[in-house]
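**Q** Quick note on the numbering used here: the sequence shown kicks off at 5 and runs consecutively.
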Amino acid sequence: MRTRPSPLRTTVVALLSTALVVPVSLLASGPAGAAVDDPLPEPVVVLDDFEDGQLPRVSDPDGNAIGVFEFSGDGYAYSYVGAGTTPPWTPSPGGGESLVLGSNTGSFAGLIRIFTGGDPVDWAPVDASASAGFSVRFFGTGSGTGMFLDLLDNRSAGSTRDDAGRWTVSWIDDTPGWRTLSWEWDEFAFKNIGNGAPDDGLTLEEINGYGFGTLGTGGGERQFAFDDVALFGERPLTVAFDPPVTRVGEGETAEPRIRLSRATDRDVTVDWATSDSTDRTATEDVVATPDRDYVPSSGTVTIPAGERDAFLSIPGVQDDTWEVDESYQVVLTDTDGLPGGPATRGVVSLADDDPRDPALVEDGQQPGLLEAGPRATVGVTEVEVGDALARPGQQYTEDVVTGRGPGTIGRTFAEPQDFSGSEGLSFWYRGTGSRGRVQLELADNSAPDPGPDGWELKWSDDFDGPAGSLPDPDKWSFETGGWGWGNQELQYYAEGPEHASLDGQGNLVIRTAEVEDPEAADLPCWYGPCEYTSARLVTEGNAEFRYGRIEARVKAPAGTGIWPAFWSLGNDFRDVGWPTTGEIDFYEFVGREPFDVFGTIHGPGYSGGESFGDTITLDRPVPEEFHTITTEWQPGLIEWYLDGVKFHEATPEDVAPNGWPFDKPYTLLLNTALGGNFGGALGADLELPGEYLVDYVEVFGAPDTAERFTASFQDTSGWQQVTVPWSSFRRDRQQPAGAPDDGLTLTEVDGWSLRTPGRTPFHLDDVRLVD
5 MRTRPSPLRT
15 TVVALLSTAL
25 VVPVSLLASG
35 PAGAAVDDPL
45 PEPVVVLDDF
55 EDGQLPRVSD
65 PDGNAIGVFE
75 FSGDGYAYSY
85 VGAGTTPPWT
95 PSPGGGESLV
105 LGSNTGSFAG
115 LIRIFTGGDP
125 VDWAPVDASA
135 SAGFSVRFFG
145 TGSGTGMFLD
155 LLDNRSAGST
165 RDDAGRWTVS
175 WIDDTPGWRT
185 LSWEWDEFAF
195 KNIGNGAPDD
205 GLTLEEINGY
215 GFGTLGTGGG
225 ERQFAFDDVA
235 LFGERPLTVA
245 FDPPVTRVGE
255 GETAEPRIRL
265 SRATDRDVTV
275 DWATSDSTDR
285 TATEDVVATP
295 DRDYVPSSGT
305 VTIPAGERDA
315 FLSIPGVQDD
325 TWEVDESYQV
335 VLTDTDGLPG
345 GPATRGVVSL
355 ADDDPRDPAL
365 VEDGQQPGLL
375 EAGPRATVGV
385 TEVEVGDALA
395 RPGQQYTEDV
405 VTGRGPGTIG
415 RTFAEPQDFS
425 GSEGLSFWYR
435 GTGSRGRVQL
445 ELADNSAPDP
455 GPDGWELKWS
465 DDFDGPAGSL
475 PDPDKWSFET
485 GGWGWGNQEL
495 QYYAEGPEHA
505 SLDGQGNLVI
515 RTAEVEDPEA
525 ADLPCWYGPC
535 EYTSARLVTE
545 GNAEFRYGRI
555 EARVKAPAGT
565 GIWPAFWSLG
575 NDFRDVGWPT
585 TGEIDFYEFV
595 GREPFDVFGT
605 IHGPGYSGGE
615 SFGDTITLDR
625 PVPEEFHTIT
635 TEWQPGLIEW
645 YLDGVKFHEA
655 TPEDVAPNGW
665 PFDKPYTLLL
675 NTALGGNFGG
685 ALGADLELPG
695 EYLVDYVEVF
705 GAPDTAERFT
715 ASFQDTSGWQ
725 QVTVPWSSFR
735 RDRQQPAGAP
745 DDGLTLTEVD
755 GWSLRTPGRT
765 PFHLDDVRLV
775 D
């Protein structure tokens, strides 16, 4: 459930005009979606008034469509300039002609306007950095259609293509007639459409154009009119991180930029400090650890009079261990009396530079995936260099597996591993000196998957427990943050029972609520203090699955703008990114389409608005009752069911020639979003708090038929490096039903486990294959 951007199309219509200053009385301002009479702050610079009455079609010298061109996820959009007197329109209060957008779509459609000039015709960006915001007259019909506006900001230097960044706001056509909509710059959020836009924030120094669009139009064509597209006011003097995210390599010194919204005639001095907060305000990276990933720092910088920028310096920490990308926050602690801009908390994202070691089997980085037998326990201990528990030769802080018997600890792989190119296993083991035998077991080469008819329950949560208790932490963890989650969502994902808990009647409840005092709550969102909270629960690091029947029984909240979902991401998400990782949406509901349930896949070349999905339309609004969602996932085939009725399927042929990243392990997610590119603007029918109820989640899969082989070594005191060759393993006497009897093939190893001789703790690290 991620970004659904508006892709560019190749149909080209050009609209030539020049910016002009007009009297303030011609325009009105106010909250988005409200018709008001107050004038906009001066000056008002009209970028387009559509009085030329022509829409010529042109391209720039590099062959890019410029001017005005339509785009559509499905259906169609068109535009023309008209006098505004043909029903249902009344003349624009600005007089003359208006731009008309026609749309008929089930997902999104609209037009993009790129400012043009010169001979040959080329891009003609506008400097909007001194203005306070953006305004447009809009004629609606009260249709309830979700609308959006995109700004095109700042192409890459020397670019020969459209890689301008998209920054977006949204509203609902809930009022018939003309009204003026206006937005200040901090209300715009970045929209990733995958065009390689510069990662430099909303600079406003080169506004290349804008776009208007609609979400689903309800099964028929709708028309809207626009007039007097304008900049207004003088930009207030603020200070903030710009861009909000600074990306550096592991071990490098980060230099986040602090920037004034405009130059001033005095020096501005700013105090800053790094923060170990777990809030995710700008990325979905894992939270970095102070001293282990970066050096905690603070300081003061001065922005001289007449300038806008100053740079910080934060040292990084190098290691040689492969990790997913991580990030930490930097906070402005004193801004010299100036109000903070939209990013008073910056983020430094650390790109790991260590290759994944293909020989490494286990190093304790995902302790939740380790398993313990009925009488055993397993976890992870962080060990620093020089600690009494540090193993010989340890150079960096490391996580080591800590277990206690009697019984087994180990791991079952969601995807079988190929060990056939190696000669055995090597690992560091710190025992107790009992001199007993420690048994090492391999699960190897299961029988063929019997398919849906032979699947059995492998994992489940029925959410039974006392009212107000948290969901099982061994199955679910909270993801927190308010960075918009790649989709300009409005909520802050928070943890705690007030956001997600059991109701005492067998349901998980995810609550979406309005924040009573956003300033006092101090929950940072991409647009400032968060106005809404919700929860996002994930099995990442606790459970992952490849193939099977994935089922849940849920009851959705209602209201335009609400967006509950049950979905999944590839377990390599933090390694390869989205959409390369793949995404399976088992169930999505958006309140603006109250009768529809969506089932979708996203992958490389078919993500966001170009995803492959379908809907099922019910006779009654979806939120009125519980519904059972079932997805059957097999190699090369995914099928979606709602209450036993199949409504969608996907195969590799459906997305060819693009790739099919759905033959690997995935993790599960449950959440309720608010707003965003797919959820749309919030409507008057939205009542908060809203409750998303989940009765159960179940995962069925192939039974455990892996053949078992065992070997052993002696428990001694202190750390010892143990090597166990494959030739030491023997077929175990006890085998699961249906296990093959074909020897230790090592081509599909399903897991490993360790059984210790006593009750005292032991430690395990750096389990790897050896040649």
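Heads up, the beta-carbon is just placed ideally off N, CA and C, and yes, glycines get one too.
1. Take the Cβ of Phe216 as the centre, count every other Cβ of all protein chains shown within 10 Å, and call the residue buried at 16 or more, exposed below.
2. Excluding the 5 residues preceding and the 5 following Phe482 in the sequence, name in chain order all residues of the same chain whose CB lies nearer than 6 Å to its CB.
3. Is the number of C-beta pairs between the stretch 108 to 121 and the stretch 70 to 89 that are closer than 8 Å three or more?
4. Is Trp730 helix, strand or coil by DSSP?
5. Shortest alpha-carbon distance to Pro761 belongs to which of Gly440, Asp324 and Trp459?
6. State buried or exposed for Ser464, treating a residue as buried only when at least 16 other CB atoms are found within 10 Å of its CB.
7. Check whether the Cβ of Ile588 lies closer than 8 Å to any heavy atom of the ligand ATP, and answer yes or no.
8. From Thr1 to Trp730, what does the alpha carbon distance come to, in whole angstroms?
9. Apart from the five residues just before and just after Val28, which ones in its own chain have a Cβ nearer than 7 Å to its Cβ?
10. By the 10 Å Cβ neighbour count, where 16 or more other Cβ atoms means buried, how is Lys650 classified, buried or exposed?
11. Considering only C-alpha positions, which residue in the set Thr764, Gly205, Val104 and Gly224 is nearest to Gly437?
12. Taking Pro129 as the reference, which of Leu103, Asp166 and Phe143 has the closest Cα?
13. Smallest Cα separation from Gly344: which of Leu241, Pro470, Gly407 and Ala314?
14. For Ala234, count neighbouring C-beta atoms within 10 Å of its own C-beta (all shown protein chains included) and say buried if the count is 16 or more, exposed if not.
15. Return the chain-ordered ranges of every beta strand (DSSP E) run that is complete within the stretch 93 to 144 and spans a minimum of 3 residues.
16. Look at the Cβ atom of His767, then the Cβ atom of Tyr400, and state whether they are nearer than 9 Å.
17. When you compare only the Cα positions, how much space is there between Thr604 and Ile588?
18. May I ask you to list the residues that DSSP assigns as paired with His631?
19. Between the alpha carbons of Gly488 and Val698, how many angstroms are there, rounded?
20. Between the stretch 169 to 176 and the stretch 238 to 253, are three or more C-beta pairs nearer than 8 Å?
21. Identify which residue in Phe194, Thr293 and Asp338 has its Cα closest to the Cα of Glu330.
22. Starting from the Cα of Ala654, find the closest Cα among Asp457, Asp647, Gly640 and Leu364 and give me that residue.
23. Measuring alpha carbon to alpha carbon, tell me which of Gly469, Glu592 and Val104 ends up nearest Phe54.
24. Determine the burial state of Val580: buried for a count of at least 16 other Cβ atoms within 10 Å of its Cβ, exposed for fewer.
25. Taking the Cβ atom as the reference point for each residue, do Leu208 and Asp157 lie within a distance shorter than 9 Å?
26. Per DSSP, Pro765 forms a beta bridge with which residues?
27. According to DSSP, simplified to helix, strand and coil, what is Asn199?
28. With a floor of 4 residues, list each alpha helix (DSSP H) that falls wholly inside the stretch 598 to 674, ordered by position along the chain.
29. How many angstroms separate the CA atom of Gly222 from the CA atom of Asp403?
30. Enumerate in chain order the residues of its own chain whose CB-to-CB distance from Ser301 is below 6 Å, with the five nearest sequence positions on each side excluded.
31. Can you tell me which of the three DSSP states Leu373 falls into?
32. Could you tell me if Gln492 is buried or exposed, where buried requires 16 or more neighbouring beta carbons within 10 angstroms of its beta carbon?
33. For Tyr645, collect the residues of the same chain with a Cβ closer than 6 Å to its Cβ; drop the 5 residues on either side in sequence, then sort them by chain order.
34. So Thr306 packs on Thr339, CB below 8 Å; how close in whole Å?
35. When DSSP labels each residue in this structure, what does Pro300 get in the three-state scheme?
36. So, are the CB atoms of Leu686 and Gly679 less than 9 Å apart?
**A** So, to answer that:
1. buried
2. Glu499
3. yes
4. helix
5. Gly440
6. exposed
7. Ligands displayed in this structure: none; no statement on the ligand ATP is therefore possible.
8. Nothing in the structure corresponds to residue 1, since the chain is present only between 5 and 775.
9. Bear in mind that the predicted position of Val28 carries a pLDDT of just 32, short of 50, making it too unreliable to give a figure here.
10. exposed
11. Thr764
12. Asp166
13. Leu241
14. buried
15. 102 to 108 and 112 to 118
16. no
17. 6 Å
18. Val558
19. 24 Å
20. no
21. Thr293
22. Gly640
23. Val104
24. exposed
25. yes
26. Arg408
27. coil
28. 656 to 659
29. 53 Å
30. Thr278 and Ile318
31. helix
32. buried
33. Thr634
34. Not confirmed; about 12 Å, so no contact.
35. coil
36. yes
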